Amino acid sequence: MVFSQVIHFLQNHIYYIGAFGLIFIGLLIILVKHNLIKVIIGLSILETGVNLFLIAVGYISNGTAPIFSNPSVETQRMVDPVPQALVLTAIVIGVAVLALALSLAIRLYQHYGILDLRQIREQKW
Amino acid sequence: MDRNQLIKWLKAPAKMGHKYSLHAVYFCTGCGIIEVPPSITARWDAERFGVLPVATPRQANLFLITGYVSVKTLRAIIRTYEQMPEPKYSVGFGSCPINGGMYWDSYNTIKHLDKYIPIDGWIAGCMPRPEAIFVAVTHLWTLIDKDMADGYKRYRDHYQAYRANQEHALGKLEWPPLFSNETKS
Amino acid sequence: MDDAGLFSGGPNPILLVVVPLGFAFALPLIGFVSKKILKYIPVGVFMFNLVVALRLLPLVLKQPILVEIGGFSPPFCINLVAGPVGILFSALIALAGLLVAVYTLVYIKEGPEEKYHILYLLLLTAATGVVLTGDIFNLFVFFEILCISSYTLVAYVGNRAGIESSVKYLIQGAVGSSLLLIGIGLLYGLFGTLNMADLARQIVSVGSSSAFIPMAFMITGLGIEAAIFPLNSWLPDAHSSAPSSVSAILSGIAIEVGLYAVVRILFTLFGLSSFFLFFVFLGVLTLLIGEMCAFSQNNIKRMLAYSSIGQIGLILFAFAIATAYAVTGGLFQMISHTLGKGLLFLAAGYMIVRSGSMEISSLKGMGKRMPLTALAFTIGAFSLVGLPPFIGFPSKFLIIRSALAEEALIFNILIGLILLGTVIEGAYFFRVVQVIYFQKENEHQKRHEAPVAALIPMFLFMIAIVAIGIYPKLVTGILDSAASELLDRVDYIRSVIQ
Amino acid sequence: MQMIEMILSPLLALIIGIFFLGLSRKIMARIQWRYGPPITQPVIDVIRLFSQKSVSHGKLFNLGIIFSLAGSLVLVLFLPLAQICPLSGSGGMLVILYMMLLAPLGIALSGGESANPNTSIGISRKFILALGYEVPLLLILLALMTHYKTISIVHIVSIQQNTGWAFVSLPLLLSGIAYVLILPAILGIRPFEVVQASQEISSGPMAEYGGPFLALATIQHALSLFIGIALFVNLFLGGAGNLLIFFLKMLVVFVLVLFVNAALPRLRIEQAVKYLWRWPTLLAFIGMIIVLIVRR
Amino acid sequence: MSLELLLIIAFGGAIVTYLLGKISCRIREGFAVLISLSLVVMIACLYGENGTESIYFHFLGLPLIMRTNMLSWFFAMAVSALGALSVIFSLNYMKNRERTDFYYLMLLMVNASMLGIIFSGDLISFFIFWEMMSWSTFLLISYNRGPAVAAGLKYIIMSIIGSMAMLVGVLSLYATYETLNMATLAELIGSASSGYLLFLLIIFSIAFAIKNALMPLHTWLPAAYAEAPTPFNGVLSGMLTRMGMYGFLLIMYVIVGATRALNLGSGLFKFHYILAWLGAITIVIPTFIAILQDDAKKLLAWSAVGQGGYMIVGIAVGTNLGLSGGIFHTLNHAIYIVLLFMCVGAIQYRTGGERDLNSLGGFIKKMPFTFIGTLLGISGLVGIPLTNGFVSKWLIYKTLILEGYPFLAFAALIGTWGCILYCYKFIHHIFLGQLPGKYQNVQKAPFSMLLPMIILSFAILFFGILPGIPLKIIDTIGTSFGFKSMNVTIWGIASETGTLNTINIFAAVLIVSIIAWLMLKIGPKAVSVAQEDTYAAGAAIPKDKYHYTVDFYNPLYRMITPYLKDFIDAFYMKFAHWIQSLCNGTRRVYTGYVGNYVMYIVLFLALLIFIRLKWSL
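Line order of the protein sequences matches chains G, V, Z, P and U.
The numbering of the first sequence is this note's numbering, which starts it at 3 and goes up by one.
The numbering of the second sequence is this note's numbering, which starts it at 36 and goes up by one.
The numbering of the third sequence is this note's numbering, which starts it at 268 and goes up by one.
The numbering of the fourth sequence is this note's numbering, which starts it at 513 and goes up by one.
The numbering of the fifth sequence is this note's numbering, which starts it at 79 and goes up by one.
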């Protein structure tokens, strides 16, 4: 019984679980890894998780595209288009941030010769 | 106080004041000073004559030069004498200030003090006893009465000579002349 | 977008966003024509913005202006809500942007200037967008533009410090924007709308406590940009390593816009008044930490950066009291901080250029070498400490007065702490003023004043500081209606959703 | 009437003061088993000094000594001498306290101008000693004024005439004893003769005085002897109805003080101040508290 | 209208002076003198205008009010007159220095803001002008650089602490009564509870005690006085510090009201009684510390702390005599301390800034007028009869004795005796004794310095011999506070418990001095001798060494020094260091490692949710 409930729960919420799993993984990487590249990877995973979450918010399983001109489709089964629009924007932003981060990482490496954030601590206190 | 005294007081209070209030400057030049403590304390008590040792020449009018005068001391003696207010009396105490005494042939002792400052009276002896001080004081009274204790006037009149003598003995003096040239008579 | 003229004769508020944005993207094209006029474009743009904002001000005081983009009426589609707060901030941004742009004419001489101007325009456009938008996702977008352009501008000089700070800023900022996005996603999931007024309406109907988790995420995400205490670690690094003109904008505009967003979300969106006390504490904590850190700095720009944290704490404190007086005070303090800190950074910028070092001790003799700049710094410092007759005084006065009106013991203690913070603030600012004027200079140096183009904005800042300080009525009228807009949720909702 | 009093009281003070000066020399001599000078010796000294030609170190050197003597003379005008008190209504005890400053201050200014370190040392000692005895003295005087609820010395005297001496009335007994303990310090005689100390610092502030200056200083000294004792007599021994009794009271006090003078050697200045700030102050303090309790 | 005009002239004059300085020094100086003199004249014309109030501005919806009454006229007159004299004194002193424009600007600004404080009819403008005075003073104190920088910083920090306390007080009054008009407040405050009044008095007292350098809060003063430019010292010590006194009068007697202010607390722990005791401590300890000082300006500074104690004691006792004494002492102290600082200034001007007492000496022959000024100044400071200081001190002593505060009276009197010690030290070390060889060619002080000194010297004697003139004005102030009127005559005060009659004393002193002078004339005329001709046991006078100054009161020093370290200052400094290390520790929060920063973010989020769960807000 319990097992089936669990399965059921998982079925319903698998995207959320996945999203938050990604988010946590991303955060964990940022928190525990010292290498800048790894941290940037963590950021990327975090973003992916967030995007997944946004999609999941508007997702309806077996849904259809929200095209109102087709009268045969019930509006109830339409997937919400707004989150998708949002995610698109978010992905674009994410890419921009990622690109910027990587370019900065290159410059940082040029200056310090390392990427270990524990040692790149000239700016403090 | 008899009548005579009273008349004198009324006639010339200043002179009487000088007579009976001889304040001696503490100045220990040589061994003679050893006779001064007995004379001012209970045994002889100079205060009954009005003789009182005072601390600075400014307050004094009697200068007792007690004992031999070395060249170094002479400087201080002159300075002290010049700082005493007029009228002032100086008394040489013992033989050394008179003629050098037992230091008659010493290279560093002044033989004739009265070449450098005027002396109103001498007390001879080596040492003179305290009574001799009182004799000298009473004698000084007489001199003051007769206006013969005029050493300070002589000093003023012949200052150039005294100064020359002083400079001869001591070299250049640190202090300016007491009297300017014009007062020379 | 075409119906700009429809709004009772005034210009369309969207111009405030569109014109700078358009010029930002057109800048490289213009660059093909002439490289020389590039740097004058921000000046022109913000002058235009300032004029528009000032013309809009009297209008919005009567009635907020609603701009529907795409022709749908709210809650659908993106819309701009140009209320008193929005226009006030736009005007402030335009003013600061204009003055700093003038300063930039001579200050930025090296590096990819063209990109600098693009980013500068983008940064301020985004800031204007944030304060004007009525849509929560749009807010996120503008916020991201703001953040990305600030990351880049911090790294503009390209030295070790700049790159390092920029990377750190970026990491924290990216985490923050992710959190913000999660919050927005949650909200959307709960209420199915992104329009702030609509969201607020729905939250009013279900009770604010049900939307706590999204709020927490959003506050955390926005709090990073707003520099609330544990979230502000990026600030001293970024503000101290950026070019001074950028620091002035970051300190004077960016973090205040962040705080505006926090406050807007707290007040209008959630109205979670039971939680305000926490923010009162947080504000005082931020203030104290900021002032204490600033007190022990030897680096002038870092000191100013920490001082910004302190000021943000004070503003947060004022907002969190959430009375009309307090919010007026908070808004006033924002203005005073923008003007004061902007002036300080501009003045410090040229002093650093002349002395070649950011150490406070290297500013010795600046009073002689750069008398006008030194005067500007002094006035800015006095104003921030809150001495009359400068603008810092009325704003602090209002805040303390509203806090005292609370009549709770805890507020009295907090006021004590705030005043302690002010004393510390005074201590470090006066120390710098003394170094500038009264320390014996190392070698005899000739007078070498900052260029005129840098002095003019400083002068205008000074005039504003003194004028408002002597005659606070210049702004209090607007501030009152802005405060009531911030506090009155129902009115806001009603004005957006007819 | 007041004019006569104004002339009379300083004159009397001068005569009594000079007499005390002579008396002290005579009595000291007798105690020391000497014959001693005639009792008129101070007069002779003053005459001699007036006839001497002194040196002056400057205007202030002259003015200071005048100032000092004037201060003492004026102070006498404020003191009730038996029934004579010419300036009774001009400020009372507080003015007296301040006038007691003038004499040392005048001497100090005058001596300071002479640029003699001995003088400066003497003056410094004088002020330290004054600070030393003022602590108990002020407590004593305040106790008196608080007890009698007046700041006028004439009132204090007249109240004592009606109710008995302060010295023997209980609340002020301790203050009185304290006053006795500091009386030698006020008079500047042994064991508190640190200011003049002719053997140490060439008579201190007087070091540069000669001739008329020293005469004035001597007169001032005589007056200060008078003032110190007259103050005690007025404050604690109930003043007097007529001059004779007043004089007798003063004489008794003075002779007693002279015995102390003869018997004790000189203290060092720190020792003096430590003494003054210890026992007399303690007594005066307790006396003050008693007075306050009684007043409640 | 004239009050607004007054302030506009004062502030505008300051700025115009600065601008004129860019054109020509002479025009600037002339203009500065003109402005300050015209202020004096204008304020003098305001005499007797009582209770006129005018709203001149609105600030944050609060009307700013100016008003005149006797109290403000009295203080304004003193401020403007002393300010004008300081400006005149500055003319020569500040010549050939750098940044004189700035100096004049700030000097006139300080004066203007003090006038603003005095004429303020409401607490907000009081506060504004107060703050302006604080920061302009700060800039002037630091003007001399070197050690002045630390002094200025100390001053401004303590000043800010004070003004923050005052701000709390002002705002709490505003929150309670919705008005800051002093007159209205004075009426409304009758309904306040005594606890609230006590809070008010304490919080305002912190501000005013710091400004007036009351004992535990005095530590800024010695350094600031010692390091400020000497002409400014006059303004600083004379009136600026005494704005604290004005503040005390304002809060105790104008706003809270005499009857209420004097009945707060119980038994020995009454507010005014404790204040008086603080004043008494302030008299005694700084006086003794002043004796130890070797720096002329530090000595005067500590003395000013001590004299401030008299004023506090005077007004805190709460009788008409005490109040008058306190107010009158404020004026008197201003007069003589300004004079003394000017004398130090003249000496500094001629010796190239020397103010170490041990290396001066014998200036009486070189600068006789300065000496006379100093002599009168210290006479006033000690309170020699016939100088102004005596009258005010007499009033204070008398009320202390008759009201049954003998220990307070003791403190006050012993302060005076300590005062003699340092006063004599001051005048002896500078003017008496041997003249050092390097100062053989020192000139007299220039006329522009002598003029204010002469005026002030006359003022000392004038107010000392005719105290009735200022006392009449002060009496009206006292009666306006609800005290009984004193029986003021032109020569002093008549009452049944002891009267003061200065003319008797004056006549007696005059006659007796003439007699003493004649006595001196009996003898032969004294011969004037050079200074070198003094008794030195027969030896010649050693040059530059025959002057006993170092450790002048050595035996006393040995006795009191261990007890007279400035413990309070040391404590504050320790506290400041502690704060500094706390700050230094706090900034370690920003570790520089970005992982920590992200951790903070996560923790903050967790905290928000935790609070939510814990208290379900």
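Cβ coordinates follow ideal geometry from the N, Cα and C atoms, glycine included.
In this text the structure is predicted, and so the values were computed from the model without any measurement.
For this session: Starting from the beta carbon of L33 (chain G), find every residue of chain U whose beta carbon is closer than 8 angstroms, and list them in chain order.
Result: If you number the first sequence from 1, residue 33 (chain G) lands on position 31. G673, V676, M677, V680, listed in chain order.
Exercise. Is it right to say C501 (chain U) is buried, meaning 16 or more other beta carbons lie within 10 angstroms of its own, or is it exposed?
Worked result: Your numbering for residue 501 (chain U) matches position 423 in the fifth sequence. Buried, since its Cβ has 16 or more Cβ neighbours within 10 Å.
Exercise. Out of G:L119, G:L117, G:L100, which has the shortest C-alpha to C-alpha gap to E2 (chain G)?
Worked result: There is no way to answer for residue 2 (chain G), as the model of chain G reaches only from 3 to 127.
For this session: Indicate, with yes or no, if the ligand MN has a heavy atom lying under 7 angstroms from the CB of Y500 (chain U).
Result: Annotation note on the ligand MN: not contained in the displayed structure, which lists no ligands.
Problem set entry | Test: M79 (chain U) CB closer than 8 angstroms to a CB of chain P | Sequence index remark: in the fifth sequence, residue 79 (chain U) carries index 1 (1-based). Interpretation of M79 (chain U) is limited by its pLDDT of 48, a score under 50 that renders its predicted location unreliable; the figure taken from the coordinates is listed afterwards. Closer than 8 angstroms: no.
Exercise. Just reading off the beta strand (DSSP E) that I100 (chain V) is part of, what are its end residues?
Worked result: What you label residue 100 (chain V) is simply residue 65 of the second sequence in a count that begins at 1. Where I100 (chain V) is concerned, the enclosing beta strand (DSSP E) stretches over 97-101.
Problem set entry | Member of Z:A441, Z:N316, Z:I354 whose CA lies at the smallest distance from the CA of L326 (chain Z) | As a working mapping, residue 326 (chain Z) is identified with position 59 in the third sequence. Answer by Cα proximity: Z:I354.
Problem set entry | Cross-strand partners of F347 (chain U) (DSSP beta bridge) | Along the fifth sequence, read from residue 1 onward, the residue named residue 347 (chain U) stands at position 269. Per DSSP, U:S344.
Problem set entry | the region 614-640 of chain U: positions lying closer than 9 angstroms to chain V by Cβ | A614, A615, G616, A617, A618, I619
Problem set entry | N674 (chain P) in three-state terms, based on DSSP | Here the question's residue 674 (chain P) lines up with position 162 in the fourth sequence. N674 (chain P): helix per DSSP, three-state reduction.
Problem set entry | DSSP state of G560 (chain U) mapped onto helix, strand, coil | Looking up residue 560 (chain U) in the fifth sequence gives position 482. In this structure, G560 (chain U) counts as coil in the three-state DSSP scheme.
Exercise. If you check the beta carbons only, do S580 (chain P) and G548 (chain P) fall under 8 angstroms apart?
Worked result: Taking the first residue of the fourth sequence as 1, we reach residue 580 (chain P) at position 68. Taking the first residue of the fourth sequence as 1, we reach residue 548 (chain P) at position 36. No, they are not a contact pair.
Problem set entry | Rounded separation between A478 (chain Z) and F537 (chain Z) - CA only | In the third sequence, residue 478 (chain Z) corresponds to position 211, counting from 1. In the third sequence, residue 537 (chain Z) corresponds to position 270, counting from 1. Taking the straight line joining both Cα atoms gives about 8 angstroms.
Exercise. Can you tell me whether DSSP reads W9 (chain V) as helix, strand or coil?
Worked result: Chain V is shown only over 36 to 220; residue 9 (chain V) falls outside these bounds and no answer can be derived.
Exercise. How big is the Cα-Cα spacing for I195 (chain U) and A694 (chain Z)?
Worked result: As a first step, residue 195 (chain U) is located in the fifth sequence; it is residue number 117 there, counting from the start. As a first step, residue 694 (chain Z) is located in the third sequence; it is residue number 427 there, counting from the start. One C-alpha to the other measures close to 24 angstroms.
For this session: Per DSSP, which residues does Y145 (chain U) bridge with? Please list them.
Result: As a working note, residue 145 (chain U) is residue 67 in the fifth sequence. Residue identity check: residue 145 (chain U) is Arg in the sequence provided, not Tyr. Answer is U:E131.
For this session: Express the C-alpha separation of V558 (chain P) and L763 (chain P) in angstroms, rounding to a whole number.
Result: The residue given as residue 763 (chain P) occupies position 251 in the fourth sequence. The residue given as residue 558 (chain P) occupies position 46 in the fourth sequence. Cα to Cα, L763 (chain P) sits roughly 22 angstroms from V558 (chain P).
For this session: Within the same chain, show all residues whose beta-carbon is closer than 7 angstroms to that of L634 (chain Z), passing over the 5 residues directly before and after it, in chain order.
Result: Counting from 1 along the third sequence, the entry for residue 634 (chain Z) is found at position 367. According to the sequence provided, residue 634 (chain Z) is Gly. The question's Leu does not apply to it. Answer for G634 (chain Z): A641, I703, Y704, listed in chain order.
For this session: Identify whether M625 (chain Z) lies in helix, strand or coil by the three-state DSSP scheme.
Result: Residue numbering aside, residue 625 (chain Z) sits at position 358 when the third sequence is read from its first letter. Residue state, collapsed to three classes: coil.
For this session: Please work out which residues of its chain come closer than 6 angstroms, Cβ to Cβ, to P300 (chain U), disregarding the five sequence neighbours upstream and downstream, and give them in chain order.
Result: For this step, residue 300 (chain U) is matched to residue 222 along the fifth sequence. Counting only Cβ-Cβ distances below 6 angstroms, and skipping sequence neighbours, we find K376, A379, W380.
For this session: Can you grab the Cα-Cα spacing for the pair L218 (chain U) / E610 (chain U), in whole Å?
Result: Here residue 218 (chain U) refers to the residue found at position 140 when the fifth sequence is read from its first residue. Here residue 610 (chain U) refers to the residue found at position 532 when the fifth sequence is read from its first residue. So the two alpha carbons sit approximately 42 angstroms from each other.
For this session: Check distances from the C-beta atoms of the region 179-209 of chain V to those of chain U and list, in chain order, the residues that come in under 7 angstroms.
Result: E209
Exercise. Looking at the C-beta of T246 (chain U), does it have a partner C-beta in chain Z at a distance below 8 angstroms?
Worked result: Taking the first residue of the fifth sequence as 1, we reach residue 246 (chain U) at position 168. The sequence as given places Val at residue 246 (chain U); Thr does not occur at that position. Yes, contact with chain Z.
Exercise. Should N565 (chain Z) go down as buried or exposed, given a rule of 16 or more other Cβ atoms within 10 Å for buried?
Worked result: Residue numbering aside, residue 565 (chain Z) sits at position 298 when the third sequence is read from its first letter. The residue is exposed, with fewer than 16 neighbouring Cβ atoms inside 10 Å.
Problem set entry | Amino acids of chain V, ordered along the chain, whose beta-carbon sits closer than 8 angstroms to that of R546 (chain P) | On the fourth sequence, residue 546 (chain P) is found 34 positions in, with the first residue counted as 1. The answer, in chain order, is T76, A77, D80, E82, R83.
Exercise. Which of the three DSSP states, helix, strand or coil, is assigned to K443 (chain U)?
Worked result: Residue 443 (chain U) sits at position 365 when you count from the first residue of the fifth sequence. Here K443 (chain U) sits in coil by DSSP.
Exercise. How far does the alpha helix (DSSP H) with F770 (chain Z) in it reach, from first residue to last?
Worked result: Not covered by the structure: residue 770 (chain Z). The range shown for chain Z is 268 to 765.
For this session: Output, in chain order, the set of chain G residues within a Cβ distance shorter than 8 angstroms of G663 (chain U).
Result: Numbered from its first residue, the fifth sequence carries residue 663 (chain U) at position 585. By Cβ distance, chain G contributes nothing, its closest Cβ being about 10 angstroms from G663 (chain U), past 8 angstroms.
Problem set entry | chain U contacts made by the region 604-629 of chain P, where a contact means CB separation under 9 angstroms | G604, M605, L606, V607, L609, Y610, M611, L613, L614, P616, L617, A620, L621, G623, G624, E625, S626, A627, N628, P629
For this session: Identify the contact partners of S433 (chain Z) in chain G, using a Cβ-Cβ distance below 9 angstroms as the criterion.
Result: On the third sequence, position 166 is the one that residue 433 (chain Z) refers to. Those within 9 angstroms of S433 (chain Z) in chain G are L102, L106, R109, L110.
For this session: Answer yes or no: do I412 (chain Z) and A428 (chain Z) have a C-beta to C-beta separation smaller than 8 angstroms?
Result: The count along the third sequence starts at 1 and reaches residue 412 (chain Z) at position 145. The count along the third sequence starts at 1 and reaches residue 428 (chain Z) at position 161. For I412 (chain Z) and A428 (chain Z), no; Cβs fall outside 8 angstroms.
For this session: For L41 (chain V), count neighbouring Cβ atoms within 10 angstroms of its own Cβ and tell me buried if that reaches 16, exposed if not.
Result: As a first step, residue 41 (chain V) is located in the second sequence; it is residue number 6 there, counting from the start. When all chains shown are included, L41 (chain V) counts as exposed.
Problem set entry | Spatially closest choice to L453 (chain Z) from G:I27, G:V4, G:A21, by CA coordinates | Reading the third sequence from its first residue, position 186 is the one you call residue 453 (chain Z). Nearest option by C-alpha distance: G:A21.
Exercise. Is DSSP giving K565 (chain P) helix, strand or coil here?
Worked result: As a position in the fourth sequence, residue 565 (chain P) is number 53, starting the count at 1. In this structure, K565 (chain P) counts as strand in the three-state DSSP scheme.
Exercise. Quick one: does A287 (chain U) have its CB under 8 angstroms from some CB of chain G?
Worked result: Numbered from its first residue, the fifth sequence carries residue 287 (chain U) at position 209. No - not a single Cβ of chain G is within 8 angstroms of the one on A287 (chain U).
Exercise. Do W495 (chain U) and L643 (chain P) come within 8 angstroms of each other at the CB atom, strictly closer than that value?
Worked result: For this step, residue 643 (chain P) is matched to residue 131 along the fourth sequence. For this step, residue 495 (chain U) is matched to residue 417 along the fifth sequence. The answer is yes: Cβ separation under 8 angstroms.
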